[in-house]
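K.L.:
My numbering applies: residue 193 is where the sequence shown begins, and numbers increase by one. Even for Gly, the Cβ is constructed at its ideal location relative to N, Cα and C. Because the structure is a prediction, the values reported are computed rather than measured.
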Amino acid sequence: MRARDKVAQAIAERHPNVPGQLAVDVPASEDKPPKVCEFGNPRCGAVPVRFYANGHFCDDHPAGRPAPRRTAP
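1. Rounded to the nearest angstrom, how far is the Cβ of arginine 235 from that of valine 228, given a contact under 8 Å?
2. Could you tell me the distance, in whole angstroms, from the CA atom of methionine 224 to the CA atom of glutamate 230?
3. Among Lys198, Cys250, Ala195, Ser221, which has the Cα closest to the Cα of glycine 232?
4. Mapping the DSSP letters down to three states, classify serine 235 as helix, strand or coil.
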(Lines of atoms letter the chains of each structure in order from A and count residues from 1; the text may use other names and numbers.)
(Lines give C-alpha, C1' and ligand atoms only; values in the text may rest on other atoms or scores of the structure.)
Protein backbone atom coordinates (compact mmCIF):
# COMPACT_ATOMS: atom_id res chain seq x y z
CA MET A 1 0.00 0.00 0.00
CA ARG A 2 2.79 2.42 0.79
CA ALA A 3 4.28 2.08 -2.67
CA ARG A 4 0.91 2.88 -4.23
CA ASP A 5 0.54 5.95 -1.99
CA LYS A 6 3.99 7.18 -2.96
CA VAL A 7 3.18 6.78 -6.65
CA ALA A 8 -0.13 8.59 -6.23
CA GLN A 9 1.62 11.42 -4.40
CA ALA A 10 4.28 11.66 -7.10
CA ILE A 11 1.62 11.86 -9.79
CA ALA A 12 -0.33 14.51 -7.88
CA GLU A 13 2.68 16.79 -7.43
CA ARG A 14 3.51 19.35 -10.07
CA HIS A 15 6.63 18.72 -12.07
CA PRO A 16 7.68 22.11 -13.53
CA ASN A 17 10.35 20.57 -15.76
CA VAL A 18 7.84 18.46 -17.67
CA PRO A 19 6.32 20.23 -20.68
CA GLY A 20 2.55 20.47 -20.70
CA GLN A 21 2.22 20.62 -16.92
CA LEU A 22 1.50 24.35 -16.70
CA ALA A 23 -1.41 25.15 -14.38
CA VAL A 24 -3.75 27.67 -15.99
CA ASP A 25 -6.82 29.23 -14.44
CA VAL A 26 -9.72 28.62 -16.81
CA PRO A 27 -12.52 31.17 -16.44
CA ALA A 28 -16.02 29.88 -15.85
CA SER A 29 -18.31 29.81 -18.84
CA GLU A 30 -20.46 32.84 -19.45
CA ASP A 31 -23.93 32.81 -17.97
CA LYS A 32 -26.29 32.53 -20.91
CA PRO A 33 -30.05 32.86 -20.82
CA PRO A 34 -31.92 29.54 -21.03
CA LYS A 35 -33.08 28.29 -24.40
CA VAL A 36 -36.76 28.94 -25.13
CA CYS A 37 -39.28 27.41 -27.53
CA GLU A 38 -38.89 28.83 -31.05
CA PHE A 39 -42.41 27.94 -32.23
CA GLY A 40 -44.68 30.57 -33.75
CA ASN A 41 -44.62 34.25 -34.41
CA PRO A 42 -44.43 35.68 -31.76
CA ARG A 43 -42.31 32.99 -30.20
CA CYS A 44 -43.88 30.56 -27.72
CA GLY A 45 -41.02 31.19 -25.26
CA ALA A 46 -41.73 28.13 -23.07
CA VAL A 47 -39.00 26.58 -20.93
CA PRO A 48 -37.74 23.75 -20.73
CA VAL A 49 -37.11 22.81 -24.33
CA ARG A 50 -35.53 19.98 -26.30
CA PHE A 51 -33.14 20.44 -29.19
CA TYR A 52 -34.33 19.20 -32.58
CA ALA A 53 -32.53 19.45 -35.92
CA ASN A 54 -34.42 22.63 -36.79
CA GLY A 55 -34.35 24.38 -33.40
CA HIS A 56 -35.41 24.24 -29.75
CA PHE A 57 -39.04 23.30 -29.03
CA CYS A 58 -41.17 22.61 -25.94
CA ASP A 59 -43.27 19.48 -25.40
CA ASP A 60 -46.38 21.20 -26.82
CA HIS A 61 -44.61 22.08 -30.08
CA PRO A 62 -42.31 19.20 -31.06
CA ALA A 63 -40.55 19.83 -34.35
CA GLY A 64 -41.46 17.66 -37.30
CA ARG A 65 -45.04 17.07 -36.15
CA PRO A 66 -47.37 19.40 -38.00
CA ALA A 67 -50.50 20.79 -36.44
CA PRO A 68 -53.57 18.59 -37.00
CA ARG A 69 -55.66 19.60 -40.01
CA ARG A 70 -59.37 19.44 -40.25
CA THR A 71 -60.52 17.31 -43.13
CA ALA A 72 -63.50 18.26 -45.23
CA PRO A 73 -66.47 15.91 -44.80
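P.N.:
With the structure as the only source:
1. Here residue 235 refers to the residue found at position 43 when the sequence shown is read from its first residue. Here residue 228 refers to the residue found at position 36 when the sequence shown is read from its first residue. Indeed they touch by this definition, with Cβ atoms about 7 Å apart.
2. Against the sequence shown, residue 224 aligns to sequence position 32. Against the sequence shown, residue 230 aligns to sequence position 38. Position check: residue 224 holds lysine in this sequence, whereas methionine was assumed. Going by the C-alpha atoms only, they are around 17 Å apart.
3. What you label residue 232 is simply residue 40 of the sequence shown in a count that begins at 1. The option with the nearest alpha carbon to glycine 232 is Cys250.
4. In the sequence shown, residue 235 corresponds to position 43, counting from 1. In the sequence as displayed, the identity of residue 235 is arginine instead of serine. Correct three-state label for arginine 235: coil.
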